[in-house]
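Encoded as structure tokens, the structure appears first; notes follow it.
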Amino acid sequence: MAPRKNFRNQAKKEVKPAAVVNKNGVKAEATVAASGGGFSSTKIFTWFMVLALLGVWSSVAVVWFDLVDYDNVIERAKEFRFNFSEVLQGKLSAYDADGDGDFDVEDAKVLLGLKERPVSVLLREAKEESAVKEPDAVPTPPDDDVDGSQNTDVESEIQAAVPLPPISDGFIPDDSRDEATHPYEDENNAIDMKGELVEKAQPQQTVEESKQYNDQPGSLETKETVQLRYNAEAESVPEPEADVESVLEPEADEESVPELEAEFVPELKENAEEQPKDKLKEKAKKKKPKLLNKFEKTIKTEIDAAEKLRKKGKVEEAVRAFETLVLQYPQSPRCRYGKALAEDGLAEKMLSNDMLQKAIGTYKEASELPNATPDLIKATLKKRAERQQFLGRMRGALATLEKLVQIFPEDVALKNDLGVAHLLIGDNKSAKRVYEEVLATAPSDGFAKVHYGFILKSENKIAESIPFLRDGLESGDPGTDDGRFYFHLGDALQRMGDDSAYKWYERGHQRGHFASVWQRSLYNVDGLKAQPWWTPKDTGYMDLVKTLERNWRIIRDEAQSVMDKTTGLFVPEEENLREKGEWGQFTLWQQGKKAGESCRSVPKTCGLLERFPEAIGCKRGQIKFSVMQPGTHVWPHTGPTNCRLRMHLGLVIPKTGCKIRCTNDTRAWEEGKVLIFDDSFEHEVWQDADSYRLIFIVDVWHPELTQYQRQTLSPI
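Residue numbering for the sequence shown is -2 to 713, as defined by this note's numbering.
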């Protein structure tokens, strides 16, 4: 500090006499006596520049290290700028960060990130940047759109079949549903389509899925965990349809459209050799959205400037910019829609359900403003429905989609999405009616076919479901290349005794949906050891196995005590896995939760298991008694996940007639002994004895899962 002060004082002493103007208007240089000689005008200017630059960097240093009181600095800066204002204005205007026309401590605060830049400055710079053109650039020909909006591809978004859009950085919200604030919401009681999801086996990674038609909302995660999970999914899950946000960017030019089309319609790229040229040409034609009304064309530059901030990831600034535009032009649907997109992006960045709910409200406002173009209404409401589904607001999303279908009754894709919305709340009957309407007007629609086939299969109309599932998969239409449909088509064919089931399983494996033809689980962590049969030593759960085998008679006696004495049954199996016969179960733990009432009936058995977290804490498994009566056959099937292993403890086993096959290896139970297999592999059961078979089923975590994964993997 001392040298700077001395240097500044010396400078004042040397330049005290400023330039003098004589009577003729000619400037005369003043002399300096301190050194015994005079300074030329060049030297004076040089000293001025040195002092000015030193002032700048000293101001930055003062702010950074907080060495000097700001008020004192400002007063000195005012005095300093008084003498050198012309130099500062001419040489340091590039550092004017707050838009007040000069450089001062406030500018230094902005440059150091201690203060935000005003929205007016950001908008002005964005406008200037968007207005700059290359000197020799060739003028871009005008778009064909009559409203002057950008020629960006939106058909994939408008007709997207997948209900949940992609979210960058793996934004996973918690289900903050509250009956007081969202009384219209119900629990998600949708049917199990064994949705597909693959998870990478790496530390600090979690994933959200359920046994419903589609994924349930998850719990809020840290940003690091979200990124790991998102990366894992991105490598293994088939690429979904593009969302509106990525296809409605106003800066997109015509040259970028072919690349976007290849991304939005994977089948166009992957199946190019298999499809007729005229069909490819038809898919390549994309309708361009018309998002601007007549008035909004006059403010397009301002909208584009705010949109540029959002595209660059400056979502906080974009929200403020669009809020300013909404205040200036409250009747502009495009400004309101831009605000909703920016809030959506901010919610993603903050991992905030509240902010996402705000965006959902803004989407609604945009769609209801007068003079909104049809394309904007469609894109806005579709985006709103997707975000409602993402938050688990299934009934709200259903209402939004019903409104869309009323406005655009000829849009088949919207009807398809409406059918999915009905499935998500478990309303198969309404979904079936929707897809029947679609197929009546568009009989070749593959998306409607696979979903209609799935509904038929859930109604146990096995033979009727096969042609719809098969034709839908063969169509290659967007939304059909899904492991669930390969799973159910193969299962239906197996039940009809058709060996072509394995052709479809093989195709599903080749498409990346199944780990192998045998291992067809759909909720997986990648990289786990995969083998159908395991030994106790392989699992590392020797203590649990020994406890079960040493106490098998106690467990057997308690199981028999809760069996129905008349029928010898428990609660009937409800997974529709039996070809014939009677099969019941008595559950003690489900998804890591203890069934208190059941355990009170068999306290010794439950007490034995309390010290084994690998079993009672297995959120992707069950602990239950299983009784099977003579003449029972269980269809070949696979479990939903590779994250567990299944232990069978023999309690009452007839001498002959009872066997279990896993892949191509068939084995039999023994009383007091534990069999261990991975039920994500295909397995089948026969009970052809003269009396019932009773076993105790204990699911355990796959031994290679980390403790963190066991805590964070969602229940199944």
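Glycine included, C-beta positions come from ideal geometry on N, C-alpha and C.
The structure presented is a predicted model; accordingly, all values stated were derived computationally and were not measured.
{"Asked": "Beta carbon of Met625 nearer than 8 Å to that of Tyr705", "Found": "no"}
{"Asked": "Minimum C-alpha distance to Ile726 - residue among Gly494, Gln587 and Lys543", "Found": "The chain is shown from -2 up to 713; residue 726 falls before or after that span and cannot be answered."}
{"Asked": "Three-way DSSP call (helix, strand, coil) for Asn425 in this model", "Found": "helix"}
{"Asked": "Lys412 versus Val435 - alpha carbon distance", "Found": "7 Å"}
{"Asked": "Where Ile459 falls: helix, strand or coil (DSSP)", "Found": "helix"}
{"Asked": "His485 versus Glu576: straight-line alpha-carbon distance, rounded", "Found": "16 Å"}
{"Asked": "Backbone secondary structure at Asn521 - three-state DSSP", "Found": "strand"}
{"Asked": "Counterpart residues of Asp496 in DSSP-defined beta bridges", "Found": "Answer by DSSP bridge pairing: none, since Asp496 is not bridged."}
{"Asked": "Counted within 10 angstroms of its Cβ, other Cβ atoms place Arg608 as buried (16 or more) or exposed", "Found": "exposed"}
{"Asked": "DSSP state of Glu701 mapped onto helix, strand, coil", "Found": "coil"}
{"Asked": "For Ile722, the first and last residue of its enclosing alpha helix (DSSP H)", "Found": "Residue 722 cannot be examined here, being either before or after the span of the chain that is shown, -2 to 713."}
{"Asked": "Integer-rounded CB distance, given that Thr377 should sit under 8 Å from Trp515", "Found": "Contact flag wrong, Cβ pair sits at about 46 Å."}
{"Asked": "First through last residue of the alpha helix (DSSP H) which encompasses Thr366", "Found": "For clarity, residue 366 is Leu in the given sequence; the question names Thr instead. No alpha helix (DSSP H) contains Leu366, which DSSP labels as neither H nor E."}
{"Asked": "Unbroken beta strand (DSSP E) run spanning Phe622, endpoints", "Found": "Gln619 to Met625"}
{"Asked": "Three-pair Cβ contact test at 8 Å for the region 493 to 511 versus the region 523 to 530", "Found": "no"}
{"Asked": "Counterpart residues of Gln582 in DSSP-defined beta bridges", "Found": "Val568 and Ser623"}
{"Asked": "8 Å contact criterion, which Phe693 and Ile552 should meet: CB distance rounded", "Found": "5 Å"}
{"Asked": "Short Cβ contact (8 Å threshold) for Pro637 with Asp687", "Found": "no"}
{"Asked": "Candidates Glu320, Tyr326, Thr544 and Asn521: closest to Lys294 by CA position", "Found": "Tyr326"}
{"Asked": "Identity of the residues DSSP links to Thr638 by a beta bridge", "Found": "Tyr520"}
{"Asked": "Rounded C-alpha distance that separates Asn457 from Lys426", "Found": "14 Å"}
{"Asked": "Touch test, the region 348 to 358 against the region 317 to 335, Cβ-Cβ under 8 Å, three pairs minimum", "Found": "no"}
{"Asked": "Where Leu539 falls, given that 16 or more other Cβ within 10 Å makes a residue buried", "Found": "In the sequence on display, residue 539 carries Met and not Leu. The residue in question, Met539, is exposed, as its Cβ has fewer than 16 Cβ neighbours within 10 Å."}
{"Asked": "Cutoff 8 Å; reference Arg550; Cβ partners in own chain excluding five residues on either side", "Found": "Gly669"}
{"Asked": "Supposed contact pair Val522 and Cys615 - C-beta distance, whole angstroms, cut 8 Å", "Found": "Actually they do not touch by this definition, with Cβ atoms about 13 Å apart."}
{"Asked": "N-terminal and C-terminal residue of the beta strand (DSSP E) that Lys577 is part of", "Found": "Arg575 to Lys577"}
{"Asked": "Beta-carbon gap between Glu546 and Val695 smaller than 8 Å", "Found": "no"}
{"Asked": "Per-residue DSSP class, three states only, for Pro529", "Found": "coil"}
{"Asked": "Close Cβ partners of Thr663 (< 6 Å) along its chain, the five nearest in sequence each way excluded", "Found": "Lys656"}
{"Asked": "Collapsed DSSP secondary structure at Lys287 in the structure displayed", "Found": "coil"}
{"Asked": "Exposure of Pro286, with buried meaning 16 or more beta-carbon neighbours within 10 Å", "Found": "buried"}
{"Asked": "Bounding residues of the beta strand (DSSP E) (the contiguous stretch that carries Cys615)", "Found": "Run containing Cys615: none; DSSP gives neither H nor E here."}
{"Asked": "Backbone CA spacing between Ser711 and Met644 [nearest angstrom]", "Found": "21 Å"}
{"Asked": "Proximity below 8 Å, CB of Leu415 to CB of Val431", "Found": "yes"}
{"Asked": "Inter-residue Cα distance where the pair is Val682 and Ser595", "Found": "26 Å"}
{"Asked": "Beta-bridge partners of Val682, as assigned by DSSP", "Found": "Val631 and Ile657"}
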